[in-house]
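S.K.:
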């Protein structure tokens, strides 16, 4: 139950972020309509791309605000 909740939250946040990037990279072929909460490889890849973009953005913001502490 908890696993399904975490996965739904992950898809709800990461899929919309990865959607335009995957659309641009595949020239509009993927992700197909209705694949947001479907358990398909294209949906998984789109969510993974969104997660990667969010992580890169977070690291870039932390670097810009000098949040990394190096000795």
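In full-length UniProt numbering, the protein residues as written are 1 to 71. Beta carbons: idealized from backbone N, C-alpha and C, even for Gly.
Could you round the C-beta distance between residue 14 and residue 51 to whole angstroms and report it? I think they count as a contact, below 8 Å.
M.R.: 5 Å
S.K.: Below 8 Å CB to CB, which residues in the same chain sit around residue 11 once its five sequence neighbours on both sides are set aside?
M.R.: 36, 37, 43, 47
S.K.: According to the Cβ coordinates, are residue 49 and residue 18 closer than 7 Å?
M.R.: The answer is yes: Cβ separation under 7 Å.
S.K.: So, helix, strand or coil for residue 23, using DSSP?
M.R.: helix
S.K.: Can you tell me whether DSSP reads residue 31 as helix, strand or coil?
M.R.: coil
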